[in-house]
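Since the structure comes first, as structure tokens, the remarks are kept for the end.
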Amino acid sequence: NVYICGGKCEHEHAAVPELIEVQQIRQQIKQRVLNELTPIWAVSDEEMSKTCMSSTAIAIFPTIDETCKHFNY
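Just add 382 to wherever you are in the sequence shown, counting from 1, and you've got the working numbering.
The structure is reproduced here in structure tokens:
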């Protein structure tokens with residue numbers, strides 16, 4: 383649940399495993415983007431190829447355009 387609310391609040395509903403999975407991968411991508419000179423699209427491709435996400439998680443995963451907007455590019 384810490385991945386969904388950032389550990390800032392209590393949730394009384396069941397965790398959604400796909401959202402947690404997406405948040406974990408996004409956090410890995412974010413850390414690499416902040417620490418490396420590799421382009422965002424390359425980091426995203428590498429991280430996505432290393433993981434075995436469910437089809438539901440893949441469907442809700444942000445596109446590279448959405449990811450780049452998050453980093454203000």
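All residues carry an ideal CB built from backbone N, CA and C; glycine is no exception.
| Delimiting residues of the alpha helix (DSSP H) encompassing T433 | Here residue 433 refers to the residue found at position 51 when the sequence shown is read from its first residue. Per DSSP, T433 is not a residue of any alpha helix (DSSP H), being assigned neither H nor E.
| query | Which of the three DSSP states, helix, strand or coil, is assigned to L457? | reply | Residue 457 lies beyond the stretch modelled for the chain, which goes from 383 to 455, so this question has no answer here.
| message | Using only the alpha-carbon positions, how far apart do T438 and Q405 sit? | response | Position 56 of the sequence shown, counting from 1, holds the residue named residue 438. Position 23 of the sequence shown, counting from 1, holds the residue named residue 405. Distance between the alpha carbons of T438 and Q405 is about 13 Å.
| task | May I ask which residues mark the beginning and end of the alpha helix (DSSP H) holding T449? | result | As a position in the sequence shown, residue 449 is number 67, starting the count at 1. It spans 446–452 - the alpha helix (DSSP H) in which T449 sits, taken as one unbroken run.
| message | Please state the DSSP three-state secondary structure of P421. | response | For the purposes of this step, residue 421 is taken as the residue at position 39 of the sequence shown. Under the three-state reduction of DSSP output, P421 falls in the coil class, being neither helix nor strand.
| task | For I442, collect the residues of the same chain with a Cβ closer than 8 Å to its Cβ; drop the 5 residues on either side in sequence, then sort them by chain order. | result | Your numbering for residue 442 matches position 60 in the sequence shown. Result list for I442: E400, L401, V404, in chain order.
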